[in-house]
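According to the UniProt record's numbering, the sequence shown is numbered sequentially starting from 1.
No residue lacks a Cβ here, since even glycine has one placed at the ideal position from N, Cα and C.
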Amino acid sequence: SKSFTADHKPLMGEAPEVRGFFLGCGFNSAGMMLGGGCGRELAHWIIHGRPEKDMYGYDIRRFHQSLTDNSRWIRERSHESYAKNYSVVFPFDEPLASRNMRTDPFHKVLTEQGCFFQERHGWERPGWFSQDGPVLDYDWYGAYDISRNQNYKYNKLLGEEYTFDYPPHHHLIKNECLTCRHGVTVFNMSYFGKFYLTGPDAKKAADWLFSADVRKVPGDAYYLAIGGGVAEHNWNHIRTVLQDESFNCQLTDHSEDMGMISIQGPKSREVLQEILETDLSNGAFPFSTHKVCSAAGHKVRAMRLSFVGELGWELHIPKDSCLPVYRAVMAAGAKHGIINAGYRAIDSLSIEKGYRHWHADLRPDDTPLEAGLAFTCKLKSTVPFLGRASLEKQKADGLHRRIVCFTIEEKVPMFGLEAIYRNGIPVGHLRRSDYGFYIDKQIGYGYIRNPDGGVVSTDFIKSGKFTLERMGVVYEAKAHLKSPFDPSNNRVKGIYPNEQHNFCQASV
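Here it is as structure tokens:
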């Protein structure tokens with residue numbers, strides 16, 4: 001018999017429900033092809049607690065339990081996986097089967113405003129916004145007693161994504177990005193996991209779990225906001241460490257109880273100062289701090305953070321307060337030209353800034369040093385943390401692999417996996433690529449190695465002539481040691497090249 005899984009990938013690793021029970025199944029008619037390598041990695045996983053290579057895409061923890069407990073979701077999504085077995089895999093494809101499994105309080109109002117949703121971890125999150133009205137609900141081809149749409153806008157728009165060129169709505173994503181860079185946008189990020197780490201040993205657990213120095217954080221409770229696609233994986237990892245280390249603390253999941261919107265751009269302070277009853281100045285509310293305060297009469301947690309490289313705040317909002325706060329933000333932002341934006345814009349804006357994405361720029365087999373994230377590690381302290389010994393050894397030995405940013409002048413789309421050449425010799429491949437609309441260039445990030453096996457030094461990068469190969473065509477590329485966009489981090493600090501009221505594009 002053949003087994004087909006919901007995303008056409010095997011199910012491997014330790015079962016979330018039972019410690020010590022490992023899965024190695026669901027090979028989608030490719031068991032003979034995958035069995036050798038997967039068997040080797042599973043053996044390593046059982047013995048050492050983790051695989052040697054990156055197996056995240058096969059890890060059973062990629063699925064939330066609300067999905068794996070849902071027989072309708074399993075049936076419909078696995079059916080679609082089987083039906084698309086030999087289909088061309090396009091970069092921005094989305095499933096049509098068994099959608100709307102997990103929706104947040106903003107779902108209806110964003111649907112009415114033309115939101116094209118992406119499915120991640122069962123959640124419907126905003127992808128981008130069409131400008132011609134609501135996108136109809138999914139009908140899964142009229143199967144499973146679901147009435148078929150006569151005018152199926154989602155399917156039509158998805159079909160336009162079936163290209164290896166820039167899609168026809170590329171200009172809409174551009175508008176979302178540039179509005180964020182020049183004005184203000186609101187991103188619905190409610191699909192994030194929202195966990196609380198509490199209890200007598202919470203501080204001790206946080207010191208061990210997190211590479212950053214959290215000793216300066218007051219109190220002994222921690223609020224963890226985690227990207228929705230990796231929330232279940234993080235949940236299981238943290239609970240496993242708490243159990244293995246016998247920490248006396250609890251991890252509780254409040255993901256469904258709260259919404260989260262991010263208001264970003266040079267005009268974000270002007271908008272939010274109208275509705276947040278707290279001082280938003282740099283002195284009173286510095287970058288990377290948070291406050292519980294009132295927003296339009298509702299209690300929210302405001303965090304001054306950005307994943308797009310602009311001045312901005314995230315608002316973490318109790319479920320029943322989400323819509324009133326959102327409406328207040330949109331009303332206050334109307335005179336500033338505020339718009340909704342989605343994750344396609346976040347993907348572009350974040351790669352332009354050089355912020356890392358999990359399982360694109362960062363995988364389980366990458367280290368913070370290789371990823372240019374040494375600043376997130378408390379190596380200057382004496383506090384032990386999970387992975388510290390490996391990082392200290394790698395730092396002493398030198399980096400034999402490191403991530404590099406590339407830009408190319410030609411306007412050709414890349415999506416990741418394109419080969420990287422240095423002086424004509426292959427040294428790696430892109431992990432992620434997207435168009436940066438502010439600098440007006442295609443951007444890619446990838447890890448490179450020294451073909452001689454030596455250290456990848458700054459001089460090795462600076463002295464090389466790099467090219468990228470896309471579908472058999474080679475393009476000259478420029479390597480960057482820092483992000484080509486705002487490398488001094490002025491914008492997240494609220495420092496802009498011109499006054500916010502008279503903002504214009506700056507040379508970068």
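According to DSSP, Q264 sits in a beta bridge with which residue or residues? Here residue 264 refers to the residue found at position 264 of the sequence shown. Its beta-bridge partners are T185, G312.
Nearest-angstrom beta carbon gap, S81 and F4 [assumed within contact, 8 Å]: Reading the sequence shown from its first residue, position 4 is the one you call residue 4. Reading the sequence shown from its first residue, position 81 is the one you call residue 81. Sure, about 5 Å apart at Cβ, within 8 Å.
Buried or exposed for V230, going by 16 or more other Cβ atoms inside 10 Å? Within the sequence shown, the letter at position 230 stands for residue 230. Buried, since its Cβ has 16 or more Cβ neighbours within 10 Å.
Going by beta carbon distance, what residues of the same chain come within less than 6 Å of G436, once the five residues before and after it are set aside? The count along the sequence shown starts at 1 and reaches residue 436 at position 436. Counting only Cβ-Cβ distances below 6 Å, and skipping sequence neighbours, we find E352, I443.
Backbone secondary structure at T103 - three-state DSSP: By 1-based counting over the sequence shown, the position of residue 103 is 103. If DSSP states are grouped into helix, strand and coil, T103 belongs with coil.
Sorted by chain position, which residues of the same chain lie with C-beta nearer than 6 Å to A506's C-beta, five sequence neighbours on each side aside? The sequence position of residue 506 within the sequence shown is 506, counting from 1. With a pLDDT of only 36 at A506, under 50, the local geometry of the prediction cannot be trusted, and no value is derived from it.
Output the distance between the C-alpha atoms of W140 and S463, rounded to the nearest integer angstrom. Counted from its first residue, the sequence shown places residue 140 at position 140. Counted from its first residue, the sequence shown places residue 463 at position 463. In this model, W140 and S463 are separated by some 53 Å (Cα to Cα).
By how many angstroms is the C-alpha of L369 removed from the C-alpha of H233? Within the sequence shown, residue 233 is the residue found at index 233, counting from 1. Within the sequence shown, residue 369 is the residue found at index 369, counting from 1. The alpha-carbon atoms of H233 and L369 are separated by roughly 22 Å.
Can F287 and K493 be called in contact, C-beta distance under 8 Å? Taking the sequence shown and counting its residues from 1, one reaches residue 287 at position 287. Taking the sequence shown and counting its residues from 1, one reaches residue 493 at position 493. Going by C-beta atoms, F287 is nearer than 8 Å to K493.
Would you list, in sequence order, the uninterrupted alpha helix (DSSP H) runs of no fewer than 4 residues that lie entirely inside the stretch 423-496? Qualifying alpha helix (DSSP H) stretches, in chain order: 458-462.
Given a threshold of 16 other Cβ atoms within 10 Å of its Cβ, counted over all protein chains shown, does I448 qualify as buried or as exposed? In the sequence shown, the residue the question calls residue 448 occupies position 448. Buried, by the Cβ-count rule.
Can you round the beta-carbon distance between R77 and G13 to whole angstroms, since I take them to be within the 8 Å contact cut? Here residue 77 corresponds to residue number 77 of the sequence shown, with the count starting at 1. Here residue 13 corresponds to residue number 13 of the sequence shown, with the count starting at 1. Their Cβ separation, rounded to whole angstroms, is 19 Å, which puts R77 and G13 out of contact at 8 Å.
Determine the closest residue to D54 out of L391, S390, G37, with distance taken between C-alpha atoms. Here residue 54 is taken as the residue at index 54 of the sequence shown, counted from 1. Of the listed residues, the one whose Cα sits closest to D54 is G37.
Through-space distance from Y152 to H316, alpha-carbon basis: Working through the sequence shown from its first residue, we reach residue 316 at position 316. Working through the sequence shown from its first residue, we reach residue 152 at position 152. When rounded, the distance between both Cα atoms is 34 Å.
Is the beta carbon of H290 less than 8 Å from the beta carbon of S321? As a working note, residue 290 is residue 290 in the sequence shown. As a working note, residue 321 is residue 321 in the sequence shown. The Cβ-Cβ distance between H290 and S321 does not fall below 8 Å.
Start and end of the alpha helix (DSSP H) containing P324? Here the question's residue 324 lines up with position 324 in the sequence shown. Looking at the DSSP string, the run of the alpha helix (DSSP H) that includes P324 is 322-333.
Of the choices V427, V18, P384, I420, whose alpha-carbon is the least far from that of residue 516? Residue coverage of the chain in this structure runs from 1 to 508, which leaves residue 516 outside it and unanswerable.
Just the C-alpha distance for F503 and E119, rounded to the nearest angstrom, thanks. Against the sequence shown, residue 503 aligns to sequence position 503. Against the sequence shown, residue 119 aligns to sequence position 119. Residue placement at F503 is flagged as unreliable, the pLDDT there being 37, under the threshold of 50; the coordinate-derived value follows with that caveat. One alpha carbon belongs to F503, the other to E119, and they sit about 35 Å apart.
Please classify C115: is it buried, with 16 or more other beta-carbons within 10 angstroms of its beta-carbon, or exposed? Here the question's residue 115 lines up with position 115 in the sequence shown. Per the 10 Å Cβ criterion, buried.
In the structure shown, what three-state DSSP assignment does I47 receive? Walking along the sequence shown from the start, residue 47 turns up at place 47. Helix, per DSSP.
So, with DSSP's three-state summary, where would you put K153? Translated into positions along the sequence shown, residue 153 becomes position 153. In the displayed model, K153 falls within a helix according to three-state DSSP.
Comparing C-alpha positions only, which one of M260, A341, G199 sits nearest to I226? Locating residue 226 in the sequence shown gives position 226, where the first residue counts as 1. Among M260, A341, G199, the Cα nearest to that of I226 is on M260.
Name the residue from N85, Y138, Q65, V89 whose alpha carbon lies nearest to the alpha carbon of A97. If you number the sequence shown from 1, residue 97 lands on position 97. Ranking N85, Y138, Q65, V89 by CA distance to the CA of A97 puts Y138 first.
Under a Cβ-count criterion, where at least 16 other Cβ atoms within 10 Å of its own Cβ denotes burial, should V474 be classed as buried or exposed? The sequence position of residue 474 within the sequence shown is 474, counting from 1. Exposed: under 16 other Cβ atoms inside 10 Å.
Within the same chain, show all residues whose beta-carbon is closer than 6 Å to that of E476, passing over the 5 residues directly before and after it, in chain order. Reading the sequence shown from its first residue, position 476 is the one you call residue 476. The beta carbon of E476 sits closer than 6 Å to the beta carbons of T467 from its chain, once the five residues preceding and following it are set aside; these are given in chain order.
Look at G342 and E176 and say whether their C-beta atoms are less than 8 Å apart. Taking the sequence shown and counting its residues from 1, one reaches residue 342 at position 342. Taking the sequence shown and counting its residues from 1, one reaches residue 176 at position 176. In contact: G342 and E176 (Cβ atoms closer than 8 Å).
Quick one: what's got a C-beta closer than 8 Å to L136's C-beta in the same chain, skipping five residues either side? What you label residue 136 is simply residue 136 of the sequence shown in a count that begins at 1. Within the same chain, N149, N151, Y152, K153, Y154 come within 8 Å of L136 by CB-CB distance, once the 5 residues on both sides are set aside.
So, with DSSP's three-state summary, where would you put G228? Along the sequence shown, read from residue 1 onward, the residue named residue 228 stands at position 228. The three-state reading of DSSP puts G228 in helix, counting H, G and I together.
Where does the unbroken beta strand (DSSP E) through A212 begin, and where does it stop? Translated into positions along the sequence shown, residue 212 becomes position 212. No beta strand (DSSP E) contains A212, which DSSP labels as neither H nor E.
Taking three-plus beta-carbon pairs below 8 Å as touching, is the stretch 239-250 in contact with the stretch 303-312? These segments do not touch.
Can you name the start and end residues of the beta strand (DSSP E) that E14 belongs to? Taking the first residue of the sequence shown as 1, we reach residue 14 at position 14. E14 -> beta strand (DSSP E) spans 11-14.
Anyone know if the C-beta pair for V184 and G265 falls short of 8 Å? Walking along the sequence shown from the start, residue 184 turns up at place 184. Walking along the sequence shown from the start, residue 265 turns up at place 265. Yes. Within cutoff.
What separation, rounded to the nearest whole angstrom, lies between the Cα atoms of L172 and T68? Counted from its first residue, the sequence shown places residue 172 at position 172. Counted from its first residue, the sequence shown places residue 68 at position 68. Between the alpha carbons of L172 and T68 lies a gap of roughly 35 Å.
Taking the alpha-carbon positions, what's the A30 to P413 distance? Here residue 30 refers to the residue found at position 30 of the sequence shown. Here residue 413 refers to the residue found at position 413 of the sequence shown. Their backbone Cα atoms lie some 30 Å apart in a straight line.
T198: CB within 7 Å of a non-hydrogen atom of the ligand NAP: Of the ligands one can find in the structure shown there are none, so the ligand NAP has no counterpart to examine.
DSSP on H171, reduced to helix/strand/coil? Reading the sequence shown from its first residue, position 171 is the one you call residue 171. H171: helix per DSSP, three-state reduction.
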